[in-house]
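Undergrad:
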Amino acid sequence: MAQKNRVPETQRACPTCGVAMVTTGVVCCETLDIVPARFIVLRREDEVVGCVHDGATESVAKLLAALL
Numbered sequence: 293m294a295q296k297n298r299v300p301e302t303q304r305a306c307p308t309c310g311v312a313m314v315t316t317g318v319v320c321c322e323t324l325d326i327v328p329a330r331f332i333v334l335r336r337e338d339e340v341v342g343c344v345h346d347g348a349t350e351s352v353a354k355l356l357a358a359l360l
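The following block contains the structure:
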């Protein structure tokens with residue numbers, strides 16, 4: 293079971309040049325969850341976006357870390 297977390301549209305602009313950043317990959321984290329009588333692997337996929345002009349990046353993981 294995969295949970296895909298996309299970078300919000302409001303965070304997809306390059307902070308340096310303002311161009312819309314594109315998806316450059318995902319950061320994956322898998323955990324085991326116990327459901328009575330069975331195990332389920334949960335896969336969280338956090339999107340990473342990057343600027344094609346200057347290499348600036350943004351990710352869901354960085355956004356979540358900033359909230360904590």
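Just so we're on the same page, this note's numbering is the position in the sequence shown counted from 1, plus 292.
Backbone N, C-alpha and C define an ideal beta-carbon position, used for all residues, glycine too.
Leaving out five residues on either side along the sequence, give the residues of the same chain with a beta carbon under 6 Å from the beta carbon of Asp-325.
TA: Counting from one through the sequence shown, the residue named residue 325 turns up at place 33. Closer than 6 Å at the Cβ level, and outside the excluded window around Asp-325, lie Ile-332, Leu-334.
Undergrad: Let me check one thing: in DSSP terms, what residues is Val-341 bridge-paired to?
TA: Here residue 341 corresponds to residue number 49 of the sequence shown, with the count starting at 1. Answer is Thr-315, Glu-350, bridged to Val-341.
Undergrad: How is Ala-358 classed by DSSP in three states: helix, strand or coil?
TA: As a position in the sequence shown, residue 358 is number 66, starting the count at 1. In the structure shown, Ala-358 sits in a helix (DSSP, three-state: H, G or I).
Undergrad: For Met-313 and Arg-304, which I take to be in contact (beta-carbon distance under 8 Å), what is that distance rounded to the nearest angstrom?
TA: Taking the first residue of the sequence shown as 1, we reach residue 313 at position 21. Taking the first residue of the sequence shown as 1, we reach residue 304 at position 12. Confirmed, about 5 Å.
Undergrad: If you measure between the beta carbons of Val-311 and Glu-339, is that distance less than 8 Å?
TA: Taking the first residue of the sequence shown as position 1, residue 311 is located at position 19. Taking the first residue of the sequence shown as position 1, residue 339 is located at position 47. Not closer than 8 Å, so no.
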